[in-house]
Structure formats: C-alpha cells, structure tokens
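Colleague:
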Amino acid sequence: MNKEWPLWEVFVRAKNGLSHKHAGSVHAADARMALEAARDTYTRRMEGVSLWVVPSAAITASDPGEAEALFAPAQDKVYRHPTFYTIPDNVKNI
Amino acid sequence: MSSEENELFHHAVRLGDDALILAQRLSEWCGHAPMLEVDLALANIALDLFGQATYLLGVAGEIEGNGRDADALAFHRDVLDFRNCLLVEQPNGDFAQTIARQFLFSNWQDLLMREIAAAPDRRLAAIAAKAVKEISYHARYASEWVVRLGDGTEESRARMIAGLDWMWRFVDELFDPREGTPSLRGEWDRRIAATLAEAKLEYPKPRRAVLGGRAGHHSEHLGHLLTEMQFLPRAYPGAVW
Numbered sequence: 001m002n003k004e005w006p007l008w009e010v011f012v013r014a015k016n017g018l019s020h021k022h023a024g025s026v027h028a029a030d031a032r033m034a035l036e037a038a039r040d041t042y043t044r045r046m047e048g049v050s051l052w053v054v055p056s057a058a059i060t061a062s063d064p065g066e067a068e069a070l071f072a073p074a075q076d077k078v079y080r081h082p083t084f085y086t087i088p089d090n091v092k093n094i
Numbered sequence: 001m002s003s004e005e006n007e008l009f010h011h012a013v014r015l016g017d018d019a020l021i022l023a024q025r026l027s028e029w030c031g032h033a034p035m036l037e038v039d040l041a042l043a044n045i046a047l048d049l050f051g052q053a054t055y056l057l058g059v060a061g062e063i064e065g066n067g068r069d070a071d072a073l074a075f076h077r078d079v080l081d082f083r084n085c086l087l088v089e090q091p092n093g094d095f096a097q098t099i100a101r102q103f104l105f106s107n108w109q110d111l112l113m114r115e116i117a118a119a120p121d122r123r124l125a126a127i128a129a130k131a132v133k134e135i136s137y138h139a140r141y142a143s144e145w146v147v148r149l150g151d152g153t154e155e156s157r158a159r160m161i162a163g164l165d166w167m168w169r170f171v172d173e174l175f176d177p178r179e180g181t182p183s184l185r186g187e188w189d190r191r192i193a194a195t196l197a198e199a200k201l202e203y204p205k206p207r208r209a210v211l212g213g214r215a216g217h218h219s220e221h222l223g224h225l226l227t228e229m230q231f232l233p234r235a236y237p238g239a240v241w
C-alpha cells in the first residue's frame, strides 16, 4: 500500500481580476486538507485571495517528445502576437 | 496601579502567557512534524500565537508602567511568575496529543477573544479582533484533524483518544470561576461535543481537575520549556539578529 498522501496542484489568484496561477503542489489526504496545506504553504505572505487545488493525477500533460510538432510551428508567426497596436495606459493586467 | 489597572494587567498577562507558551510548544515541532505540510501549518499557528503574545504582553507592560516591554515579560520572569493555563504547557507527545491540546485550547480561545473584542478596553479589543481571524482557523484546523484521526484507522483513533485523555484534566481550569471563564463553558461544550460526535469519539468522562496555572503553580514541564526559551536573551542580554 502506498503510504504517501496523494499530490495536489495548487493555483493561487493573486488578486481579483487576475487568473489563478500555478504555484506548486502539496500532499494531502483529501481536497479540504489540500486547501489548508495550500493556504499554509503558498499564501503565508499575502500572495493570494483565492485558491484552487486539483488532484495532480487529473492533469494530462503534453508529451515532451512531441514538443517540436506542437510548438515549433508557432515560431515564425509573429503576426499572431497582438503587438501592432498600442494598449491604452489605463488598461491594466494585460 | 489602581486595582482596576492591576486587574487588567493580570488579565493581559494571562492571555499573553497562554499564547506565548503554546507558541513555544508548537514550535518544537518545527522540522519534526510528520509531513512538510503539517510542519508548516503548526509553525504558522505558532507564529500567529507569538504575534498575539507580543501584543498582549506589550499592553500588559504599558498598563504596569514599570518600563517592562513584551520581551522583558517573556524572557525575564521565572516560572512562578507565569500565569498561563496548565493546558498549554503540556508536552507535545505524539501528533494526536498535540492536536488534542490545540483542539481544546483554540475552541476556548476563539470564544474568549470574541468576547474580548466586544469588551470595553480598546487596546485588548483591537488585539482580540485581529486574533479572532487567526484563531478561528486554528480551531478549524485542529477540529478537522480530530475528525480525521478519530474516524481514521484503529491506531489513529487509539492515539486520538489517548491524546484527549492526557489533556482533559486541564480543561476545567479554563472555566474556573475565579480566574477562568465559566460563562463560556456551555458554548465550548457544544462545539467540542459536535466535533467529537463527527469523529465518532465519546465525550470524555469528567476527570479530577488539575488547577494552579493561573496562580503560578505549574507542572515540571514549564520550567524545561522556559529554560530553552529564555536561554539566549539571558546568556546574551540585549542580543539582536
């Protein structure tokens, strides 16, 4: 029997209006304990206003071996970057 | 000091000593807890309590007016001058024993600080209002562990029962009519009973109460704790980081 508690990925929202960002992971027996461990581990210095925890096992990752096929074709397509207009100063968080 | 100030001074010292001694106990877990996550959680609770102790003993020193600050009260009093309840000085034991102590104490401290937050003394009320947010998390954290351990495996259940059994003798002191808070007993009992029921644990049978902490009559455990806590500022007076 595996005696380690399952792993959970932790996402922290720094402030309202921003999206949750991956912060790290914690071990916990269930979701509630994972939230508490995440609170104690990743928001001790006022880093967040909201937390998500997701079982690490629920995450499907892309295969590093396929990185070329997946990501390289985007390299020469600069026109996909929205850099051809200026963002007004009063628009934040872009 | 007027008798009213004297009363308030002792009140602040009792509250400050409770927080200080429990914080020191909890920090003994630092680097030794069963999991990294638990290590951080216990250290966080300890830091909250050290913060409360700093404020409370600071106010006590101001009321006293003899130039003693929080550090002087924490590090330059001897064991007979400490006024913490016996519960907080009890040894950590295993994790379940530590959780039992936290569960009983934080649920009481939560009710007490809510009352103080609405009480006339503005200095203590301000400290209590901030502390309540911290303490309600401590109570929630400890209560959830009581349920997990009590309703967990055969071994965790046996350890939780043993932990509560160790600590239960020191509960009555919290509600002692002289220097305790008898009016909080009913609500405290309801909270404790609800969590124990969820944990499928029996409410402990009444034990012969051990009293004396509020009068400076402590168990042998407190002296050892103070030796460690007070060593540095006494050996190197005025030392700073």
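Chains W and F, in that order, give the protein sequences. For what it's worth, the numbering used here labels the leading residue of the first sequence as 1, then goes sequentially. For what it's worth, the numbering used here labels the leading residue of the second sequence as 1, then goes sequentially. Ideal Cβ placement from N, Cα and C applies to all residues, glycine included.
1) Measure the C-alpha to C-alpha separation of Val240/F and Met229/F and round it to an integer number of angstroms.
2) Name the chain W residues whose beta carbon is nearer than 9 Å to that of Glu144/F?
3) Distance cutoff 8 Å, beta carbons only. Does Thr43/W sit that close to anything in chain F?
4) Which term fits Met1/W, buried or exposed, when burial requires 16 or more other beta carbons within 10 angstroms of its beta carbon?
5) Tell me the DSSP secondary structure of Leu7/W in three-state form.
6) Using only CA atoms, which one of Ser136/F, Pro120/F and Val38/F lies nearest to Leu49/F?
7) What residues are listed by DSSP as bridge partners for Val12/W?
8) My guess is that Ala100/F and Met160/F are in contact by the Cβ rule of under 8 Å, so how many angstroms apart are they, rounded?
9) State the DSSP-derived secondary structure class of His27/W, mapped to helix, strand or coil.
10) If you count every other CB in all the chains shown that lies within 10 Å of the CB of Glu4/F, and 16 or more means buried, which is it?
11) Does any residue of chain W have a CB that is nearer than 8 Å to the CB of Arg159/F?
12) Using 8 Å for Cβ pairs, my map puts Ser156/F next to Leu149/F. What's the rounded Cβ distance?
13) Counting only runs of 3+ residues fully inside the stretch 44 to 69 of chain F, write out the beta strand (DSSP E) ranges in chain order.
14) Quick one: Cα of Trp29/F to Cα of Arg169/F, how far?
15) Is His218/F close to the ligand MN? I mean its beta-carbon at under 7 Å from any heavy atom of the ligand.
16) Does the separation of the CB atoms of Leu35/W and Asn93/W fall below 8 Å?
17) In chain W, what lies closer than 7 Å to Asn6/F by C-beta?
18) Using a cut-off of 7 Å between C-beta atoms, extract the partners of Ala28/W located in chain F.
19) Quick check on Tyr85/W: buried or exposed, where buried means 16 or more other Cβ atoms within 10 Å of its Cβ?
20) Would you decide whether Ile45/F is buried or exposed? Buried here means 16 or more other CB atoms lie within 10 Å of its CB.
21) Would you kindly work out how many angstroms separate the C-alpha atoms of Arg32/W and Tyr236/F, rounded to a whole number?
22) Quick one: is Asn107/F near chain W, going by C-beta distance under 8 Å?
23) Less than 8 Å between CB atoms is the rule here; does Val10/W satisfy it with respect to chain F?
24) Would Met1/W pass as an interface residue toward chain F - the criterion being a Cβ-Cβ separation below 8 Å?
25) Relative to the C-alpha of Asp110/F, which candidate in Asp78/F, Gly152/F, Ala19/F and Arg68/F has its C-alpha closest?
Modeller: So, from the listed chains and residues:
1) Within the second sequence, residue 240/F is the residue found at index 240, counting from 1. Within the second sequence, residue 229/F is the residue found at index 229, counting from 1. Each residue's alpha carbon lies about 15 Å from the other.
2) Reading the second sequence from its first residue, position 144 is the one you call residue 144/F. Per Cβ cutoff of 9 Å: Arg32, Met33 and Glu36.
3) Within the first sequence, the letter at position 43 stands for residue 43/W. It does not; no Cβ of chain F falls within 8 Å.
4) Along the first sequence, one-based indexing puts residue 1/W at 1. Residue confidence is low: Met1/W scores 47 on pLDDT, short of 50, so the model does not pin down where it sits. No coordinate-derived value is stated.
5) For the purposes of this step, residue 7/W is taken as residue 7 along the first sequence, with counting starting at 1. Here Leu7/W sits in strand by DSSP.
6) If you number the second sequence from 1, residue 49/F lands on position 49. Comparing Cα positions, the closest option is Ser136/F.
7) Locating residue 12/W in the first sequence gives position 12, counting from the first residue. In DSSP, Val12/W forms a bridge with Lys21/W and Leu51/W.
8) Taking the first residue of the second sequence as position 1, residue 100/F is located at position 100. Taking the first residue of the second sequence as position 1, residue 160/F is located at position 160. About 7 Å; that satisfies the 8 Å criterion.
9) For the purposes of this step, residue 27/W is taken as residue 27 along the first sequence, with counting starting at 1. The answer is strand: DSSP assigns His27/W an E or B state.
10) Here residue 4/F refers to the residue found at position 4 of the second sequence. Classification of Glu4/F: exposed, given that the 10 Å Cβ count is below 16.
11) Position 159 of the second sequence holds residue 159/F. So no, Arg159/F is outside the interface.
12) One-based indexing of the second sequence puts residue 156/F at position 156. One-based indexing of the second sequence puts residue 149/F at position 149. Confirmed, Cβ separation roughly 4 Å.
13) none
14) Here residue 29/F refers to the residue found at position 29 when the second sequence is read from its first residue. Here residue 169/F refers to the residue found at position 169 when the second sequence is read from its first residue. Their Cα atoms are separated by approximately 23 Å.
15) In the structure on display, the ligand MN does not appear, and there are no ligands present to speak of.
16) Start at 1 with the first residue of the first sequence, and residue 35/W comes out as number 35. Start at 1 with the first residue of the first sequence, and residue 93/W comes out as number 93. No; because the gap between Cβ atoms is not below 8 Å, this pair is not in contact.
17) Sequence index remark: in the second sequence, residue 6/F carries index 6 (1-based). Result: empty, since nearest Cβ-Cβ is about 38 Å, beyond 7 Å.
18) Against the first sequence, residue 28/W aligns to sequence position 28. Correct list: Glu37.
19) The residue labelled residue 85/W in the question sits at position 85 within the first sequence. Classification of Tyr85/W: exposed, given that the 10 Å Cβ count is below 16.
20) As a first step, residue 45/F must be located in the second sequence, where it is residue number 45. With 16 or more Cβ atoms within 10 Å of its Cβ, Ile45/F is classed as buried.
21) Locating residue 32/W in the first sequence gives position 32, counting from the first residue. Locating residue 236/F in the second sequence gives position 236, counting from the first residue. Roughly 45 Å separates the two Cα atoms.
22) If you number the second sequence from 1, residue 107/F lands on position 107. Chain W, which has no Cβ nearer than 8 Å to the Cβ of Asn107/F, makes this no.
23) Here the question's residue 10/W lines up with position 10 in the first sequence. By this cut-off, Val10/W is not an interface position.
24) The sequence position of residue 1/W within the first sequence is 1, counting from 1. Low confidence applies to Met1/W: its pLDDT is 47, below 50, so where it sits in the model is not reliable enough to give any reading.
25) The count along the second sequence starts at 1 and reaches residue 110/F at position 110. If we check each option's Cα against that of Asp110/F, Ala19/F comes out closest.
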